[in-house]
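Residue numbers (this note's numbering): -6 to 77.
The beta-carbon is built from N, C-alpha and C at its ideal position, and this holds for glycine as well.
As the structure is a computational prediction, the values presented were derived from the model and not from experiment.
One structure is given below, encoded as structure tokens.
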């Protein structure tokens, strides 16, 4: 598993950064950054594991294509965690 990795999904490049927070009992959180063409700037959002074991985007206003890619982002994180 890598603490940082990059993945291109539907023509958009996402940079994943694994972060652990003590207040979440060492639960992992991923900060994911991408270039928002509409606003001409880099943005970052968080994904956190839910009670069903799926990585979910934490509430934030993001372009539709990011929300549409949530399942693919989940898969990218899970693939990363399953690599040795």
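{"query": "Count the other CB atoms, across all protein chains shown, that sit within 10 Å of the CB of residue 66; report buried if there are 16 or more and exposed otherwise.", "result": "buried"}
{"query": "Would you grab the beta carbon distance between residue -3 and residue 9 for me? Rounded to a whole angstrom, and I think it's under 8 Å.", "result": "7 Å"}
{"query": "Name the two residues that bound the continuous alpha helix (DSSP H) containing residue 71.", "result": "63 to 75"}
{"query": "Going by other Cβ atoms of all chains shown within 10 Å of its Cβ, with 16 needed for buried, is residue 52 buried or exposed?", "result": "exposed"}
{"query": "With DSSP run on the structure shown, which of helix, strand or coil describes residue 54?", "result": "coil"}
{"query": "Are the CB atoms of residue 59 and residue 27 within a distance shorter than 8 Å?", "result": "yes"}
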